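Some notes on the structure that comes next.
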Amino acid sequence: MQETCIELKGHTNYVRALEWSPEIPYICLSGSWDGDIRVWNVKEKTCISIVPYHYSDVYGLAVHPQRPFLFVSSSRDT
Numbered sequence: 002m003q004e005t006c007i008e009l010k011g012h013t014n015y016v017r018a019l020e021w022s023p024e025i026p027y028i029c030l031s032g033s034w035d036g037d038i039r040v041w042n043v044k045e046k047t048c049i050s051i052v053p054y055h056y057s058d059v060y061g062l063a064v065h066p067q068r069p070f071l072f073v074s075s076s077r078d079t
């Protein structure tokens with residue numbers, strides 16, 4: 002089995018949180034020390050949404066199991 006590694010560019014600081022969509026296998030969310038959450042289409046290698054709601058590091062992400070674009074995040078900004 003061949004492993005594939007891709008690089009998704011967009012965050013301006015370290016990525017601390019990563020969560021895969023349980024419904025859509027090529028959708029991934031990332032949370033960064035830059036305060037942004039990004040939604041990625043890994044198949045197309047593109048960022049499809051940026052959620053800039055935090056003022057500090059994003060520590061964690063969780064995706065709803067039946068609703069792939071409903072998620073919660075945690076950050077140092079409380």
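Position in the sequence shown (first residue = 1) + 1 = the numbering used here.
By construction, the Cβ of each residue, glycine as well, lies at the ideal position given by its N, Cα and C atoms.
Predicted, not measured: the structure shown is a model, and the values here were computed from it.
Is it true that the CB of residue j sits closer than 8 Å to the CB of residue i?
i	j	result
TRP41	TYR15	no
LEU62	GLU20	yes
ILE49	SER74	no
ILE77	TYR60	First, the residue type needs correcting, since residue 77 is Arg and not Ile in the sequence shown. Yes; because the gap between Cβ atoms is below 8 Å, this pair is in contact.
SER22	VAL64	yes
When you compare only the Cα positions, how much space is there between residue i and residue j?
i	j	result
GLU24	THR47	18 Å
HIS12	ILE51	10 Å
PRO66	PRO26	12 Å
GLU45	ALA18	21 Å
VAL43	PRO69	15 Å
In this structure, how does DSSP classify residue i when only helix, strand and coil are distinguished?
i	result
CYS6	coil
SER57	coil
ARG39	strand
LEU62	strand
THR79	coil
PHE72	strand
Between residue i and the ligand MG, is the CB less than 7 Å from at least one heavy atom?
i	result
GLU45	The ligand MG is not part of the structure shown, which contains no ligands of any sort.
- Message: So within the region 5 to 34, which uninterrupted alpha helix (DSSP H) runs reach at least 4 residues, ignoring any that extend past its ends?
- Response: Here no run is fully enclosed.
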